[in-house]
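Everything below concerns the one structure shown next.
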Amino acid sequence: MKYTGNQFNNNYKNMDLGDLVKLIRRASDAYYNSSPIMTDTEFDILRDYVEEIAPDHPVLKEIGAPVKSRKKVSLPFFMPSMDKVKPESLDKWLAKYKGPYVVSAKLDGVSALLVKSNNQQKLYTRGNGSVGQDISHLIPYISSIPELKDTKNIDYVVRGELIIKDSDFEEKFSSQKANARNMVSGLVTRKTVNKQELKYTHFVVYEVIEPSLIPSAQMEFALKNGFEVVHSEKNKVMSVEKSSNTLKEWRKNDDYSIDGIIISQDGIFERQNSNPKHSVAFKMVLSDQTKESTVTGVTWTTSKHGLKKPVVQIEPIHIGGVTVSNISGQNGRFIESNMIGKGAIVEVVRRGDVIPYIERIIKPAKKASMPEGEYEWTATKVDIVVPKDDESREKLALAFFSGIGVDGLGIGNLKKFGNAGYKTIPDIFSMKIHNILNIDGFKEKSSLKIYNGIQDIKKNNFEKVPIEKLMGLSGTFGRGLGEKRIKEVFKKYPDILINDDNETELIESVKSVQGFSTKTATQFVEGLEKFKQFANNIGLKYENRVNSSLNDPVHKKDGNLYGKSIVFTGGKDENLMKQIVENGGEISNSVNSKTFAVISKDPAKLSGKSKKAVGLGVPVYSIEVFKNMYLK
């Protein structure tokens, strides 16, 4: 039986304790051994309710679910779960367990234990923490498990998550499978080996049991020995706000599904046959963060790549401390396949993310609210695409000019440029100072600011901007191929812009770069020709540019500025920027709460960036003071 909408929310508080316990165990069994009968949110709400009415019940201490496979074995090491901590309880835990802390991503996959001893590897599922399943026969087909020959003199015991990347699942399996976690669970428990699907399954390490190391050293050990590891960072202090922001950022940017973060004291503690006290899981899932509402309409906006993105309007609801009336509709397929339109009743969830989303459809509309006029679908039948219009061109130009550091070109000014006939990025690059002055609303000062900003970027063949950044921001490569992925191509093929191989040969070359399939390699090669035309149109001699990623200074992980975001205002000092990067720092164009420092050529003059920094409590330094404090 699958629980849906009102059925779950209205019934569980009317059940007696015995039935609630049975339901929890049944849901756990389904989650770990077959297909879930309820969502993670529903399970957490149900478990929290049992904890509220029977805080000492044994079901609350149970881990996972009993293994049904014939290959079940006693695990060589106990595999505990993590106590979950709510926002209102986190501060109390932090006060009791002092920093420094290691914060790591809690991946939503299948937990596994990998043991290497006497030059043999064994792999187990967690099961109930004491008894799991021996799945060692799958080791040769799973990505990210080092071969024995690569670690021949080292024994180890590590815990990790068996998981599929979101991008791989979306591209290759989303049309046939319910979700990535269910898919991995099925691959692990099935009697026959599916080599083709298993090759997309990664073993991502999140804990090293042996050798005994502090958490921050565990990840270094795993990386050194060829493992893939979860996203993690070390912090002296933590708070509810910092934990929430970290979870939000990682969920948004990671290619693996993350359902929380783990906060651990950075120390060595004796292992117990129970959940550790020095680590907790923070998920931001609260019972008052799920509400029902009625859809009043769907509006469609155009992205910079020409994709139509839906925003669902609902009757206002108060959820997680805020009033919500607009939520993401994800994509065209989500709206069409779920019949989301006026009159539909939906369940809305707001977790750690600022943006709420639709968890399920309780009652579909009679008709899905699709865009008006003509449109087409992308090849994957996920998004709706339209020919480039003014809105998408403006968004592309906004991303481009803000990305390369030209001030004064916000969406308002870009609309004015477009109305005057300067619609594209090359159009704007071609503008002279008198062209800007002739547009209503532009004075000499603002016109010079924009014109000089563009000319400064164009100096010496755009030397201030890495070529991969120009390529990623140009929009010529389409959705999903930005600066980072383009940089990976350059690392392997630094001459890709001047390579004279034919299209088929280029596609085969790009396919060999990690993370590229035939589809994305073809997309890259097609975008390459478009970028060359774009480069010619903006005056960039691309054939004379040495890929900047090959000349990037090495970021010192032990540098005193490692991971620190530095912003310049009033002008940039190229030598100082290089020193900052060499010491592990990062140069950013905008000030936010995570900015470490702002460097001003004249601190006495409060620029917009300086004012924002002061308001956020971020220090503003002169060049000399910053050098004396951090680079001596």
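Taking the numbering used here, the leading residue of the sequence shown gets 472, the next gets one more, and so forth. We put the beta carbon where it would ideally sit given N, CA and C, even for glycine. Remember, it's a predicted structure, so these values are computed and weren't measured experimentally.
Under the rule that a run must span 4 or more residues, the alpha helix (DSSP H) segments found entirely inside the segment 783–814 read 803–808. With a threshold of 16 other beta carbon atoms within 10 Å, A1075 falls short and is exposed.
Rounded to whole angstroms, the separation of the alpha carbons of S945 and L968 is 15 Å.
Put simply, the backbone Cα of L941 is about 8 Å away from that of E954.
The segment 684–717 contains, as complete beta strand (DSSP E) runs of 3+ residues, the segments 703–706 (chain order). Annotation for I896: the continuous alpha helix (DSSP H) segment containing it runs 896–900.
Ranking V586, F640, V701, M550 by CA distance to the CA of Q743 puts M550 first. If you draw a straight line from the Cα of M553 to the Cα of K662, it is about 30 Å long. Counting along the chain, the unbroken alpha helix (DSSP H) around Y922 starts and ends at 915–933. Spatial neighbours of K982 in its own chain (CB-CB distance under 8 Å, excluding positions within 5 residues in sequence) are listed in chain order as S988, T989, A992. Annotated three-state conformation of A566 is helix, per DSSP. Beta-carbon to beta-carbon, S863 and V769 are separated by about 19 Å, too far to satisfy the 8 Å threshold.
Distances from the alpha-carbon of I1051 to those of G883, D605, V1038 put V1038 closest. Less than 7 Å separates the beta-carbon of I904 from that of S918. With fewer than 16 other Cβ atoms from the protein chains shown falling within 10 Å of its own Cβ, G986 counts as exposed.
Burial check for L561: the Cβ neighbour count within 10 Å reaches 16 or more, so the residue is buried. Secondary structure of D637 (DSSP, three-state): helix. For the pair F948 and N1007, the Cα-to-Cα distance works out to about 16 Å.
Assignment of P937 by DSSP, reduced to helix, strand and coil, places it in the coil class. Rounded to whole angstroms, the separation of the alpha carbons of D854 and I806 is 10 Å.
In the structure shown, the three-state DSSP call for S980 is helix.
Secondary structure note for R831: its beta strand (DSSP E) is the uninterrupted segment 828–834.
Residues L585, V586, S607, I610, I616, L619 of the same chain have their beta carbon placed closer than 8 Å to that of Q592, with the five preceding and five following residues left out of the count.
Between the alpha carbons of S646 and V960 lies a distance of about 29 Å.
Put simply, of F548, M810, A868, T772 the residue whose alpha carbon is nearest the alpha carbon of I882 is A868. Assignment of R864 by DSSP, reduced to helix, strand and coil, places it in the helix class. K1035 and P1090 have their alpha carbons spaced roughly 13 Å apart. Excluding residues up to 5 positions away in sequence, E865, A868, L869 lie with their Cβ nearer than 7 Å to the Cβ of L885 in the same chain. Note on S745: under 16 other CB atoms within 10 angstroms of its CB, so exposed under the neighbour-count rule.
Listed in chain order, the non-local C-beta contacts of I1009 below 7 Å within the same chain comprise I896, P897, F900, local neighbours out to five positions each way being set aside.
DSSP places H905 in the uninterrupted alpha helix (DSSP H) bounded by 904–908.
A direct Cα-Cα distance of roughly 53 Å separates Y627 from G1079. No Cβ-Cβ contact shorter than 7 Å links G580 with V701. Here E843 is exposed: its Cβ has fewer than 16 other Cβ atoms, across all protein chains shown, within 10 Å.
If you draw a straight line from the Cα of Y727 to the Cα of F698, it comes to about 16 Å.
The criterion of a C-beta distance shorter than 7 Å is satisfied by I816 and T765.
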